[in-house]
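Peer 1:
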Amino acid sequence: MQRPTLTALLALLCASAFAADDYKPGPDSMPQAGVAKGQMLKDTYLAKDGSLFPGTEREYQIYLPAGLDAARPAPFMVFQDGVIYQAPTVFDNLIAKHDIPAMIGIFIKPGVVPAANANALPRYNRSYEYDSVTDSYARFLIDEFLPAITAKHQLKLSDDPNARAIAGNSSGGICAFMVGWHRPDQFRRLFTGVGTYVGIHGADQLPVLVRKFEPKPLRVYLQSGENDNNLYCGDWWMANQTMERALTWNGYDVNHTWGTGGHNAKHATAIFPDVLRWLWKGYPDEPVKANPRGDAKWVGGQVVGDGEWEVSVKGVQGVLHDPTFAITADLDGTLVYSDNEGIKQLSSSGNVSLRYGKKSGPLNELARLSLDKEGKLYCKLPWLASDPSVVTLDRNGSASQFIGPSNEHNTDDLIDDFAVAYSGQVYVVTQWGDQSMLWAKKSRWEATPAAEPQTPLKSRGRDSTRLILSPDQTTLYFARSSVNTIESHRVVGDEQQPSIISGQTFGLLDSLGNAEPGVRSMCVDTNGWLYVATSLGIQVLDQAGRVNFILPTPQQPHDVCFGGKDLSHLFIACGDKIYKRHTKAHGYISGQMAPIKPPAPRL
């Protein structure tokens, strides 16, 4: 048998590669006789100073379907990188068949800052805008771009997130996903062709976060092929499959089409009509829901259960004219919080009353609260106060300084946070300059150094560190706002001679891209699970220090605690509101509850 020549082998390989990528659009992507064509508008948007992307220019086109009722809010779909997938023609045909609603198409190109002169290079914003895992592009699109073109072209776009879709190819695909991920209250139908779920600006983290975050109300269609990119930042083909498996594992309404093609829009264009039919199925009668099949494996469902945040108190006036304020709870579940009018309380029945008025001290500046078993309220003044300290209020509201500056013992550092034990012992973290230090304090003028100075902080600021005791009260958890780690320190000795030893990094918090976690507060439940208020929401770590799940919050929370009946409600201070959510867990309050041994983690 004659062996094939090298030329023949190369020809065969080239033919196979071509065949692998030889996707042809079908009839729904071609102009059809008798089908009314939509109108296309073309314009340019210039982002001015104050924009998230100042100085950028971008072309955009708008598709208006034939027979559009301009008086009624219309569903619409946004595309990155301008007109792709032969979308206007597909819209014409599928709208005529009533396979999709009569909707507006918005096709946006990435921003470019024009060159300063003929010998200069423009600034191309595509990767910065599209590959970012932050919410910057979502904010630009939702708060700036869409309102501007809506006003200019007198469009009437639907406010219903179920009537909004977004799509893109490659970096435009990850951009589309991140808009929906950050703002499911705005966009819920997503299509990504050869999506860039790789390590350019941190998108390789997304499959893990999809598994940890409480499922969001999103419908997602993914496309990729065996010959997709495999570059310095990752393997697109494998990354898309990993993403699909994560979405499926956590109960999302997800679909996909895998092929043999490369990193282009050929396959996505060929399947686009069917993608649209699937994305818009059931509209408008069947809205997109989180975990529609009820098969999400989200760990939080086992620990806190299903639920939603409910507003308990709104319009709280917090510290120094900032929304920030502190919350804590009594053993009976009564929530206690600081307000410019004084210390207030929220009963389990939802009634708000004044607990201590301003006459008890500078209560409008309280930045941290805790209660002990005698009902004494411990209050930390913020570092901006002239005399940073911890004061206590008895049941009658009489104030006294419990811990304050002491030049005698060289402890006139700024008191950043504290934790109250059932024995009455108080553990304090102080901060001055670029160092922080843990102390065991028993009175105003008595302090015992309990640890060597910790690693210097990146910056000094109000609430830059947090401290909390474990349920057995033998471990202090210590966190910094600018670092994504939780430290664990062992408490030994007795009430008279306490010591803090064996400090080490114990837990690693999640973040998106290079964003700081922004730790603001912590609390624990009776099982020893740690709840950390961060920029991503409430990150929940098991007894071994692993983030098992994340509860998204309406805004970044600045305090968190358990309260309510049986301490089974998780409360957050968020903006100028207090939210609550019912959980399967029960909170632990170290100053009011005797030490208990939590169960061991699964290792």
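Reading the sequence shown from the start, the letters are residues 1041 to 1643 in my numbering. Every residue gets a Cβ at the ideal spot worked out from N, C-alpha and C, and that includes glycine.
For Gly1390, which residues of its own chain have a beta-carbon under 8 angstroms away from its beta-carbon, when the five flanking residues on both sides are left out?
Peer 2: Ser1352
Peer 1: DSSP has Ile1135 in a bridge; who is on the other side?
Peer 2: Paired residues: none, contrary to the question.
Peer 1: Per DSSP, what kind of secondary structure is Thr1232 in: helix, strand or coil?
Peer 2: strand
Peer 1: Following the continuous beta strand (DSSP E) through Gly1212, name the residue where it begins and the one where it ends.
Peer 2: Unbroken run through Gly1212 is the alpha helix (DSSP H), 1211–1222; no beta strand (DSSP E).
Peer 1: Per DSSP, Thr1300 forms a beta bridge with which residues?
Peer 2: BP columns for Thr1300 are empty, so no partner.
Peer 1: Can you grab the Cα-Cα spacing for the pair Ile1124 / Ala1305, in whole Å?
Peer 2: 8 angstroms
Peer 1: Using three-state DSSP, classify Phe1147 as helix, strand or coil.
Peer 2: strand
Peer 1: So for Phe1227, helix, strand or coil by DSSP?
Peer 2: In the structure shown, Phe1227 falls within a coil segment according to DSSP collapsed to helix, strand and coil.
Peer 1: Which value, in whole angstroms, describes the spacing of the CA atoms of Ser1410 and Thr1374?
Peer 2: 13 angstroms
Peer 1: Since Leu1092 is in the alpha helix (DSSP H), which residue starts that stretch and which ends it?
Peer 2: Neither: Leu1092 is in no alpha helix (DSSP H) and is coded neither H nor E.
Peer 1: Between Asp1244 and Ala1286, is the Cβ-Cβ spacing less than 8 angstroms?
Peer 2: no
Peer 1: Write down the C-beta distance between Leu1258 and Tyr1292 rounded to the nearest angstrom, noting that I regard them as a contact closer than 8 angstroms.
Peer 2: 6 angstroms
Peer 1: Roughly how many angstroms lie between the CA atoms of Val1250 and Gly1220, to the nearest whole one?
Peer 2: 12 angstroms
Peer 1: Could you tell me which residues DSSP pairs with Asn1270 in its beta bridges?
Peer 2: Answer is Asp1275, bridged to Asn1270.
Peer 1: Use the C-beta contact count for Leu1394: other C-beta atoms within 10 angstroms, 16 or more gives buried, fewer gives exposed.
Peer 2: exposed
Peer 1: Quick check on this structure: which residue in Gly1235, Ile1206, Gly1212 has the alpha carbon closest to the alpha carbon of Phe1227?
Peer 2: Ile1206
Peer 1: Taking the alpha carbon of Lys1354 as the reference point, which residue from Val1392, Asp1325, Gly1341 has its own alpha carbon closest?
Peer 2: Val1392
Peer 1: Whose C-beta lies closer than 6 angstroms to the C-beta of Ala1634 among residues of the same chain, with five residues either side of it excluded?
Peer 2: Tyr1462
Peer 1: So His1529 is in the beta strand (DSSP E); what residue range does that whole segment cover?
Peer 2: Unbroken beta strand (DSSP E) run through His1529: 1525–1532.
Peer 1: Leaving out the 5 sequence neighbours to the left and right, which residues in its chain are closer than 7 angstroms to Gly1301 when beta-carbon positions are compared?
Peer 2: The residues are Ala1060, Asp1061, Tyr1063, Gly1265, Asn1267, His1307.
Peer 1: If you follow the beta strand (DSSP E) that Arg1027 is part of, which residue opens it and which one closes it?
Peer 2: The displayed coordinates of the chain run from 1041 to 1643. Any statement about residue 1027 would go beyond what the structure contains.
Peer 1: Under the three-state reduction of DSSP, which class applies to Ile1189: helix, strand or coil?
Peer 2: helix
Peer 1: If you reduce the DSSP assignment to three classes, tell me which class Glu1316 lands in.
Peer 2: Looking at the sequence itself, residue 1316 is Leu, so the reference to Glu does not match. Note: Leu1316 maps to helix in three-state DSSP.
Peer 1: Can you tell me the Cα-Cα spacing of Tyr1085 and Leu1195, whole angstroms?
Peer 2: 16 angstroms
Peer 1: Glu1350 lies in the beta strand (DSSP E); which residues open and close that run?
Peer 2: 1350–1354
Peer 1: Quick check: what's the CA-CA separation for Gln1263 versus Thr1566?
Peer 2: 44 angstroms
Peer 1: First and last residue of the beta strand (DSSP E) that includes Ala1178?
Peer 2: Not the beta strand (DSSP E): Ala1178 falls in the alpha helix (DSSP H), residues 1176–1179.
Peer 1: Just grab the DSSP bridge partners of Ile1578 for me.
Peer 2: In DSSP, Ile1578 forms a bridge with Ala1573, Leu1591.
Peer 1: Under a three-way DSSP split, which group does Ile1311 fall into?
Peer 2: Ile1311: helix per DSSP, three-state reduction.
Peer 1: Quick check on this structure: which residue in Ile1146, Val1130, Leu1643 has the alpha carbon closest to the alpha carbon of Pro1115?
Peer 2: Ile1146
Peer 1: On the CB-based measure, 16 or more other CB atoms within 10 Å of its CB, does His1193 come out buried or exposed?
Peer 2: exposed
Peer 1: I think Lys1420 touches Ala1439, with their Cβ atoms under 8 angstroms apart; what is that distance to the nearest whole Å?
Peer 2: 13 angstroms between Cβ atoms; not a contact.
Peer 1: First and last residue of the beta strand (DSSP E) that includes Pro1247?
Peer 2: Segment 1246–1252 is the alpha helix (DSSP H) holding Pro1247; no beta strand (DSSP E) there.
Peer 1: Please report how far the alpha carbon of Lys1088 lies from the alpha carbon of Lys1337, in whole angstroms.
Peer 2: 45 angstroms
Peer 1: Using 7 angstroms as the cut-off, classify the Cβ of Leu1287 as near or not near the heavy atoms of the ligand FMN, replying yes or no.
Peer 2: Within the structure as shown, the ligand FMN is missing, as the structure has no ligands at all.
Peer 1: Measure the alpha-carbon distance for Val1343 versus Ala1073 and round it to whole angstroms.
Peer 2: 58 angstroms
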